[in-house]
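Novice: Here's a structure for you.
In our numbering, the protein residues as written are 225 to 433.
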């Protein structure tokens with residue numbers, strides 16, 4: 225008598241393998257799509273930042289003052305971060321991680337649909353030294369954060385063109401439910417993402433350099 229008891233298990237195994245391959249392919253496609261879209265957004269933001277505010281009525285430059293004026297964000301670190309709108313979304317600036325060859329726009333607010341487009345401000349402000357940025361674990365977003373180490377360089381340029389330079393201090397692995405731990409600590413900048421499968425989060429803690 226022929227035994228067919230193993231055939232359902234084989235079919236189930238093949239279906240699981242096919243599903244895993246489809247999921248991997250979809251994630252790769254999503255990563256490539258996000259990378260292409262982010263490249264366009266960053267180019268537009270950099271173009272806007274390089275434009276004079278009112279070129280047609282630009283005043284004749286006055287002689288330089290003995291001392292440079294103190295930027296508004298230093299005088300008032302609690303001020304709202306300025307934004308630029310691209311394709312219907314508001315962005316607070318551009319995040320760059322040279323070691324990972326990443327240059328990414330950062331949205332002003334976060335939601336799950338927005339995270340599919342670009343990294344988002346989770347909370348805080350670059351001016352008050354409390355900025356937390358979240359992103360998907362796409363390879364073109366924050367999927368390679370674990371490759372960073374103490375001393376890695378990170379920069380952020382706000383919508384007014386102010387440049388902030390940071391140094392990675394530490395990497396942490398947190399549970400998805402550890403919201404208070406994510407938000408705690410005296411860190412000038414935190415970058416975080418979920419690991420593949422979403423079981424834990426990787427948080428990169430940075431200090432102004």
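All C-beta atoms in this analysis are idealised placements derived from N, C-alpha and C, irrespective of residue type, glycine included.
Quick check: the Cα distance between residue 400 and residue 384, rounded to an integer number of angstroms?
Specialist: Looking at the two C-alpha atoms, the distance is approximately 34 Å.
Novice: For residue 292, report the span of its alpha helix (DSSP H) as first-last.
Specialist: That residue, residue 292, is in no alpha helix (DSSP H); it is neither H nor E in DSSP.
Novice: Between the segment 366–375 and the segment 301–319, can you find at least three pairs of beta-carbon atoms closer than 8 Å?
Specialist: With the cut-off at 8 Å, the segment 301–319 and the segment 366–375 do not touch.
Novice: Who are the near neighbours of residue 378 in its chain, counting only those whose CB is closer than 6 Å to its CB and skipping five residues on each side?
Specialist: Answer for residue 378: 321, 390 and 430, listed in chain order.
Novice: Do residue 359 and residue 343 have their beta-carbon atoms positioned less than 7 Å apart in this structure?
Specialist: Yes.
Novice: According to DSSP, simplified to helix, strand and coil, what is residue 406?
Specialist: Three-state DSSP puts residue 406 in a helix.
Novice: Count the other C-beta atoms from every protein chain shown that fall within 10 angstroms of the C-beta of residue 427, then say buried if there are 16 or more, exposed otherwise.
Specialist: Per the 10 Å Cβ criterion, buried.
Novice: State the Cα-Cα distance for the pair residue 214 and residue 352, rounded to the nearest angstrom.
Specialist: With the chain represented from 225 up to 433, any question about residue 214 goes unanswered, as that position is not in the structure.
Novice: Along the alpha helix (DSSP H) that carries residue 412, what are the first and last residues, could you check?
Specialist: No alpha helix (DSSP H) holds residue 412; DSSP gives it neither H nor E.
Novice: Relative to the alpha-carbon of residue 392, which residue among 373, 355, 266 and 272 has its alpha-carbon at the smallest distance?
Specialist: Comparing Cα positions, the closest option is 373.
Novice: Just checking: is the beta-carbon of residue 266 within a distance shorter than 7 Å of some beta-carbon in chain B?
Specialist: Although the question refers to chain B, the structure presented lacks it and comprises just one protein chain.
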